[in-house]
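*Asks:* The structure follows.
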Amino acid sequence: MFVDSHCHVHVRAYQNEQDSLIKKTLESGVFMVTIGTQKNTSREAIEVAEKYEGVFATVGLHPEYVVDQTFVDENETAELYSAEVFDPFVYRSLAKSKKCVAIGECGLDYYRIPETTNREEAIQKQKQTVRAHFALADELNLPVVVHCRDAYEDQLMINQEFIDAGTLSRRGVIHCFSGSREYAHAFLDQGFYLGFTGVITFPPRKTDVLIEGLTEIQQVIREMPLDRILIETDSPYLTPIPFRGKRNEPSYVKFVAQKIAEIRGVSMEEIEQATTANAKKLFGLDL
Ligand SMILES: [Zn+2]
Ligand SMILES: [Zn+2]
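Per the numbering used here, the sequence shown runs over residues 27 to 313.
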């Protein structure tokens with residue numbers, strides 16, 4: 027039994043086969059937390075979760091969608107997207123569903139701020155928005171799903187603000203963690219889980235410095251306390267080897283578990299049991 031702790035199985039990429047894919051995945055013993063990224067996709071995530079036992083949802087506004095820009099992500103929705111302002115009223119009412127197990131994904135993503143945008147303004151908007159998510163999570167006593175890219179210092183600072191104020195007691199997960207060892211330890215010290223995707227199965231890039239044949243992210247995995255690791259696919263994105271280049275799906279979370287077992291030199295069953303227990307504990311999953 028596995029839990030894909032972060033996927034987007036409600037999105038347009040699965041449109042025609044969504045029902046059969048979810049049923050097949052559940053039958054194979056893989057449970058899912060499907061993650062909202064905007065108002066509409068958060069609503070869809072809840073709708074899908076309410077349809078299937080073993081599928082859970084989160085609601086949130088991805089930092090990418092806070093920034094002024096116009097584009098269409100064909101995977102997510104057919105609609106032309108433009109910046110959204112986080113409305114706690116909307117997200118609070120979606121989060122009332124029994125299937126809503128966390129707030130997010132929310133966070134800071136300085137990597138994807140377009141060059142045409144006022145960077146300082148975009149960063150301020152992202153910070154404001156993540157604080158609003160954290161406040162809502164605390165109010166509803168839910169954990170948070172954090173998306174953080176090229177913004178580790180600021181994310182740690184905001185986390186600490188809330189921790190120092192005695193809030194965010196259920197903490198959360200830094201999903202698709204891809205930072206350094208130092209940042210990994212800093213998030214662990216704050217009490218967060220770290221989520222790993224199919225990215226860990228990719229071969230090293232030319233610029234990677236290897237220690238004992240391991241990339242930095244693989245070293246992080248080797249050093250992690252077992253009770254803080256979550257596995258995820260982030261499907262339809264980030265497909266692991268051996269299916270890299272194709273559309274990702276939640277059942278491929280097994281390849282992430284397998285890679286973690288290989289790096290740590292333990293059995294796949296040990297990783298399966300530990301990560302399932304971790305996901306159940308963090309999100310309070312009824313499985
Ligand atoms: Zn993300
Ligand atoms: Zn995601």
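Ideal Cβ positions, reconstructed from N, Cα and C, are used throughout, including at glycine.
#1: If distances are taken between C-alpha atoms only, which option among V92, I286, Q152, L166 comes closest to Q245?
#2: According to DSSP, simplified to helix, strand and coil, what is D180?
#3: Would you call the segment 275-289 in contact with the segment 112-127, where contact means no fewer than 3 C-beta pairs closer than 8 angstroms?
#4: Determine the extent of the beta strand (DSSP E) in which L220 is found, giving its start and end residues.
#5: Does any heavy atom of ligand 2 sit closer than 7 angstroms to the C-beta of I61?
#6: From T223 to E147, what distance separates their C-alpha atoms?
#7: Just how far apart, CA to CA, sit V74 and P230?
#8: Using the Cα positions of A109 and Q64, report the straight-line distance between them to the nearest angstrom.
#9: Counting Cβ pairs closer than 8 angstroms, one from the segment 80-97 and one from the segment 178-195, do we hit at least three?
#10: Rounded to whole angstroms, what's the CA-CA distance from F309 to D260? Just pull it up for me.
#11: P262: which of P268, R38, I237, V29 sits nearest, CA to CA?
#12: What is the rounded straight-line gap between the Cα of V172 and the Cα of G198?
#13: In the DSSP output, what is M58 paired with across the bridge?
#14: Give the DSSP-derived three-state secondary structure of V235 in the structure shown.
#15: Less than 7 angstroms separating the Cβ of H32 from some heavy atom of ligand 2?
#16: Would K151 pass as a contact of V93 if the rule is Cβ separation under 8 angstroms?
#17: Please work out which residues of its chain come closer than 8 angstroms, Cβ to Cβ, to P268, disregarding the five sequence neighbours upstream and downstream, and give them in chain order.
#18: Report the option in F213, E131, L168 whose CA atom is closest to the CA atom of S123.
#19: Three-state secondary structure (DSSP) at I139?
#20: Less than 8 angstroms between the CB atoms is what I'm expecting for I200 and C174, so what's the real figure, rounded?
#21: Return the first residue and the last residue of the alpha helix (DSSP H) that I48 is part of.
#22: Taking the CB atoms as reference points, tell me whether A210 and L220 lie closer together than 8 angstroms.
#23: Could you name the residues whose beta carbon sits closer than 6 angstroms to any heavy atom belonging to ligand 1, keeping them in chain order?
#24: Count the other CB atoms, across all protein chains shown, that sit within 10 Å of the CB of P89; report buried if there are 16 or more and exposed otherwise.
#25: With distances taken Cα to Cα, identify the nearest neighbour of P251 among K50, I129, L240, R290.
#26: Compute the Euclidean distance between the alpha carbons of V29 and T302, then round it to the nearest angstrom.
#27: Are C132 and L194 closer than 8 angstroms when you measure CB to CB?
#28: Between which two residues does the alpha helix (DSSP H) carrying D159 extend?
#29: For P316, I'd like the list of residues in its chain whose CB is within less than 7 angstroms of its CB, leaving aside the five on either flank, ordered along the chain.
*Replies:* Taking the definition as stated:
#1: I286
#2: helix
#3: no
#4: 219-222
#5: yes
#6: 30 angstroms
#7: 36 angstroms
#8: 10 angstroms
#9: no
#10: 17 angstroms
#11: R38
#12: 7 angstroms
#13: D30, V81
#14: coil
#15: yes
#16: yes
#17: F281
#18: L168
#19: coil
#20: 6 angstroms
#21: 44-53
#22: yes
#23: E131, H173, H201, C202
#24: buried
#25: R290
#26: 6 angstroms
#27: no
#28: The question names Asp, but residue 159 in the sequence shown is His. Unbroken alpha helix (DSSP H) run through H159: 145-166.
#29: In the structure as shown, the chain starts at 27 and stops at 313, and residue 316 therefore has no counterpart that could be examined.
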